[in-house]
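Residue numbers (this note's numbering), protein chains in the order written: chain B, 1 to 154; chain X, 1001 to 1154; chain S, 2001 to 2083; chain P, 3001 to 3083.
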Amino acid sequence: MRKIRVQAEDFDAAAEARALSLGRADVGATVTFVGYCRDEGGTLAALEIEHYPGMAEAEIERVVAEAETRWPLIGVTAIHRFGRLAPGAQIVMVAAASGHRAAAFAAAEMLMDYLKTRAPFWKQAIRADGTREGWVEAKDEDADSAARWGAAEP
Amino acid sequence: MRKIRVQAEDFDAAAEARALSLGRADVGATVTFVGYCRDEGGTLAALEIEHYPGMAEAEIERVVAEAETRWPLIGVTAIHRFGRLAPGAQIVMVAAASGHRAAAFAAAEMLMDYLKTRAPFWKQAIRADGTREGWVEAKDEDADSAARWGAAEP
Amino acid sequence: MKAVYFAWVRERIGKSEEEISPPAEVVTVGDLIAWLAGRGEGYAYAFEKASVIRAAIDRVHVKHHAHIADGREIAFFPPMTGG
Amino acid sequence: MKAVYFAWVRERIGKSEEEISPPAEVVTVGDLIAWLAGRGEGYAYAFEKASVIRAAIDRVHVKHHAHIADGREIAFFPPMTGG
């Protein structure tokens, strides 16, 4: 069971996570990650997220397919938003369901590490004073996190 | 922000996780784990979970306090049920909120590993034919998982 | 002091708690386990493999070499299987 | 083939997509970056540090040594910052 969405609208992370186990008795564990827009100590007014339509969905599919080859997953949901997001807003979620907790944890963490470095999204920071701070720079630590799973740089 | 509950009633994992970030703009990530009762391929009718009242809450508090010394956590929620639980039922949840995803993932995973090996709960399996299968045995792999974080056996 | 038992330790002993008054030479948790094991068939069965038994004094995990000292409540139980 | 640009690559070039017809000696993604960089000031600025530029052919990530071959859509963009 795979659900992948790239959308401007908000999502109900709770309902998405619950859907993975609803009416099933083989799911032993779900791990749900939600990433939020932070205000960076009050300096950030919003994030503008640009994406590559078509490729964003396709790349997330590939990342999920990769996770499915590594762990026995019963279901995976991945949703990434684009457009202007205010501090406190949800940006991204992944949820993984498995028979066992170690697989669910590992899959959710790998999915996030891969999404950060492989999915075609770019963030721009809008300052509290209305000016554009410019494009958020990719972090070495994100590439390092992805490399833990054997990911080459795309 | 710490919320710890040991209860017979079910919980709303979704609402609990959301509460950790609601109205805050410093939370960058939440990781929510939910553990479910599996039917073990149709052979299991229920789990009976016994606990040590008073110590269960106190030990979970200690485990959460330990996680808070290791990672910069903004909030943690841990809920563990006791009593008779049918397949598909939620048994346990932990949710961790932090500025950054790595801390939220690591804290949630450590909390679960410690809960499994240190929190005073014992599971008994009730078979589909109504007989007691007996007490679930502790798994070496759970002790090994806890040992990753430097936990000694209690 | 009060002794409390859980899971199959409780089932084998046949009670969930009791007041106990061990003699002065019972100093450690391990001593107490050995003393309890001599109190009858159920106790002997519960504590037959002393090394797997976990203990807590006043709701804090302790090892078998810990002193029971001024503990008010001592608990015995199998390895935990929560989560 | 169609070239598409994202984030600051798009901003520097001043357009989000265009049809391009590189000459036959442009074989790899790296060749195409060098060829595009010579098309004007915005292009030169966008591709000034070629090594940081990521590329995708028909919506699949590719390295600079990949052949552009029969690709219908080639994309250029900075390192990704989603999640």
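Note that CB positions come from ideal geometry on N, CA and C, so glycine has one too.
At least 7 Å separates the beta-carbon of residue 2068 of chain S from that of residue 2046 of chain S. Closer than 8 Å at the C-beta level to chain X, one finds these residues of the segment 2053–2076 of chain S: 2054, 2056, 2059, 2060, 2061, 2075. Counting every other CB atom within 10 Å of its CB across the protein chains shown gives residue 1057 of chain X a total of 16 or more, marking it as buried.
For residue 2040 of chain S, no CB of chain X lies under 7 Å from its own CB, so it is not counted at the interface with that chain. Boundaries cannot be given for residue 2083 of chain S, as no alpha helix (DSSP H) includes it and DSSP labels it neither H nor E. In this structure residue 108 of chain B is not in contact with residue 11 of chain B, their Cβ atoms being roughly 16 Å apart against a cut-off of 8 Å.
Interface with chain X (7 Å Cβ-Cβ cutoff): residue 2046 of chain S is excluded.
Only 3006, 3007, 3008 from the segment 3005–3020 of chain P bring a Cβ to less than 7 Å from some Cβ of chain B. At least 7 Å separates the beta-carbon of residue 55 of chain B from that of residue 3072 of chain P.
Interface residue (Cβ-Cβ distance to chain P less than 7 Å): residue 53 of chain B is not classified as such. It is roughly 21 Å from the alpha-carbon of residue 1110 of chain X to the alpha-carbon of residue 73 of chain B. Chain B has no Cβ within less than 7 Å of the Cβ of residue 3001 of chain P. The C-alpha of residue 3080 of chain P lies about 27 Å from the C-alpha of residue 97 of chain B. If you draw a straight line from the Cα of residue 1068 of chain X to the Cα of residue 90 of chain B, it is about 24 Å long. Comparing alpha carbon positions, the residue from X:1144, X:1120, X:1138 closest to residue 2062 of chain S is X:1120.
At a cut-off of 7 Å, the C-beta of residue 1003 of chain X has no neighbouring C-beta in chain S. One alpha carbon belongs to residue 18 of chain B, the other to residue 1014 of chain X, and they sit about 8 Å apart. A residue is called buried once 16 or more other Cβ atoms fall within 10 Å of its Cβ, and residue 154 of chain B is buried on that count. The three-state secondary structure of residue 2002 of chain S, taken from DSSP, is strand. Judged by DSSP in its simplified three-state form, residue 3068 of chain P adopts coil rather than helix or strand. Contact with chain P is found for residue 50 of chain B, since one of that chain's Cβ atoms lies less than 7 Å from the residue's Cβ.
Contact note: residue 1034 of chain X does not reach chain S at a C-beta cutoff of 9 Å; the least C-beta distance is about 11 Å.
Put simply, of S:2026, S:2003, S:2022, S:2034 the residue whose alpha carbon is nearest the alpha carbon of residue 2048 of chain S is S:2034. Within 7 Å of the CB of residue 110 of chain B, no CB atom of chain X is found; the nearest one sits about 10 Å away. Closest in C-alpha terms to residue 37 of chain B, from the list X:1020, X:1026, X:1149, comes X:1026.
Assignment of residue 3051 of chain P by DSSP, reduced to helix, strand and coil, places it in the helix class. Between residue 1076 of chain X and residue 1002 of chain X, the gap from beta carbon to beta carbon is short of 7 Å. Under the Cβ distance rule, residue 98 of chain B does not count among the residues neighbouring chain X, no pair being separated by less than 7 Å. In the structure shown, the three-state DSSP call for residue 36 of chain B is strand. When secondary structure is reduced to three states using DSSP, residue 1117 of chain X falls in the helix class.
According to the DSSP secondary-structure assignment, residue 126 of chain B is paired through a beta bridge with B:46, B:132. For residue 3017 of chain P, the three-state secondary structure derived from DSSP is strand.
The Cβ of residue 3083 of chain P sits closer than 7 Å to at least one Cβ of chain B.
Beta-carbon to beta-carbon, residue 83 of chain B and residue 28 of chain B are separated by about 36 Å, too far to satisfy the 8 Å threshold.
Closer than 7 Å at the C-beta level to chain P, one finds these residues of the segment 125–136 of chain B: 135, 136.
When the Cα atoms are used, residue 70 of chain B and residue 2023 of chain S turn out to be separated by approximately 58 Å.
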